[in-house]
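Structure first, then comments.
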Amino acid sequence: MHDSFGVREIFEEIRSVLADPDVNRLGPDCAEPAWDSPLIGVSRGDDPLYTEFQETIGRFHWTPLEALCSGFPEMDVAASDLAVVVWALPQTAATRRDHRACTALPSRRWSLARHYGEAVNDLLRDRLARVLVDAGYPAVAPARLPAFGRETSARFGIASRWSERHAAYASALGTFGLCDGLITERGKAVRFGSVVAAIDLPATPRPYGDRTAYCLRSSGCDACIRRCPAGAISAEGHDKERCFAYLRETAMPFVEGELGLPVASCGFCQTGVPCESRRPR
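Add 6 to a position in the sequence shown, counting from 1, and you land on the number used in the numbering used here.
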């Protein structure tokens, strides 16, 4: 028999992890929290957006059903039986403040959050999938599956088999900015995590109908263009190859020298912009 499990219980599971100062911290030698209080959204496995994502990004991009079946290949389940749970982890005010002051190379706090904070996010992915399975609901964290990996999209270039930003968009957490970051009610300085589960949860109503509804580009905002040290953002959008070249050739060597870790730390387009910590209105 299934234990009773709903959105409230899932949110409390995430919140309890983040409330533990021994887990939610910027590193083994830094007791500051890596993440602020989370946001959570839900979409259904048969939401047409997931088919649309696959059509536009590439056939390699999983639907929720394909993700779950990658972890449970013998399972007989329909897309309509699934829910996608997505959370957003906002950067702390201290991390945003430090990073906002930088212009060419990432702040120490931001790099710590990118490395140790993402380890917290991985723990959340693994723990929530395990808790759901233990409660009787088959579940996977797509980004943690062995088959997850980088792919190349004919239309968009660098891509992967599961985009948590796209899942967040489908799950009512926000819309895309000019730089491809997702603008949530807590802004764009966030990281996302997700699980797909065979569980009946109601979808969070999407308060938008356009993928760029929260972005101020139509009002002439060019803040993220000006913030990008790589020149990878323009009025036409985000140049992923130029962005990744900056990460590989400039940011990672700098962070490795600073922290001893080769961290892909950037995020300039997420701070010092109107959508840093809120949805601009």
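Quick reminder that beta carbons are idealized off the backbone N, C-alpha and C, glycines included.
Within 10 Å of its beta-carbon, does residue i have 16 or more other beta-carbons around it, so buried, or fewer, so exposed?
i, result
"Gly12", "exposed"
"Glu170", "buried"
"Ala236", "buried"
"Asp35", "exposed"
"Glu282", "buried"
"Gly273", "buried"
"Tyr143", "buried"
"Ser225", "exposed"
"Ser240", "exposed"
"Arg233", "buried"
"Ser271", "buried"
"Thr57", "exposed"
"Thr62", "exposed"
"Ser166", "buried"
"Ser200", "buried"
"Cys249", "buried"
"Arg65", "exposed"
"Tyr214", "exposed"
"Asp42", "buried"
Spatial neighbours of residue i within its chain, please: CB distance less than 7 Å, with the 5 preceding and 5 following residues excluded, ordered by chain position.
i, result
"Val29", "Val23, Val126, Leu129"
"Leu222", "Pro280, Pro286"
"Pro211", "Ala178"
Got a sec, what are the start and stop residues for the alpha helix (DSSP H) residue i sits in?
i, result
"Val269", "Counting along the chain, Val269 falls outside any alpha helix (DSSP H), and DSSP gives it neither H nor E."
"Val29", "Run containing Val29: none; DSSP gives neither H nor E here."
"Ala100", "99 to 106"
"Arg192", "It is not in any alpha helix (DSSP H) - Arg192 carries neither H nor E in the DSSP assignment."
"Gly123", "Counting along the chain, Gly123 falls outside any alpha helix (DSSP H), and DSSP gives it neither H nor E."
"Gly77", "70 to 77"
"Thr57", "54 to 63"
"Glu170", "170 to 176"
"Phe250", "246 to 252"
"Cys230", "229 to 233"
Tell me, to the nearest whole angstrom, how far the beta carbon of residue i is from that of residue j; I am working on the premise that it is less than 8 Å.
i, j, result
"Val83", "Ser177", "Actually they do not touch by this definition, with Cβ atoms about 19 Å apart."
"Pro70", "Ala85", "6 Å"
"Leu45", "Ala100", "About 19 Å; that fails the 8 Å criterion."
"Arg192", "Arg284", "7 Å"
"Ala160", "Ala147", "Not really, about 27 Å apart at Cβ, beyond 8 Å."
"Arg131", "Arg102", "That pair is no contact at about 24 Å."
"Gly123", "Arg197", "7 Å"
"Pro112", "Ala257", "6 Å"
Kindly indicate the opening and closing residues of the beta strand (DSSP E) around residue i.
i, result
"Leu95", "89 to 96"
"Leu45", "45 to 50"
"Val279", "Val279 -> no beta strand (DSSP E), and no H or E assigned at all."
"Arg197", "196 to 203"
"Glu157", "156 to 159"
"Ala165", "163 to 166"
Given residue i, which residues of its chain have a CB within under 6 Å of its CB, disregarding the five upstream and five downstream residues?
i, result
"Val269", "Ser117, Arg120, His121, Val261"
"Lys246", "Gly163, Ile164"
"Ser10", "none"
"Ser139", "Correcting the residue type first, residue 139 is Val in the shown sequence and not Ser. Ala145."
"Glu38", "Leu32"
"Asp53", "Ala176"
"Cys185", "Cys230, Ile239, His244, Cys275"
Go through its chain and collect everything with a Cβ distance to residue i's Cβ below 8 Å, but skip five positions before and after it.
i, result
"Tyr252", "Pro235, Ala236, Ala238, Cys272"
"Met7", "Bear in mind that a pLDDT of 42 at Met7, under 50, signals an unreliable position, so the number given afterwards is only what the model happens to contain. So the list reads Gly142, once near-sequence residues are dropped."
"Asp206", "Asp87, Ala89"
Check whether the segment 98 to 107 and the segment 271 to 284 are in contact - that is, three or more C-beta pairs closer than 8 Å. yes
Within the chosen definition, does the segment 144 to 163 reach the segment 42 to 50 through at least 3 CB pairs nearer than 8 Å? no
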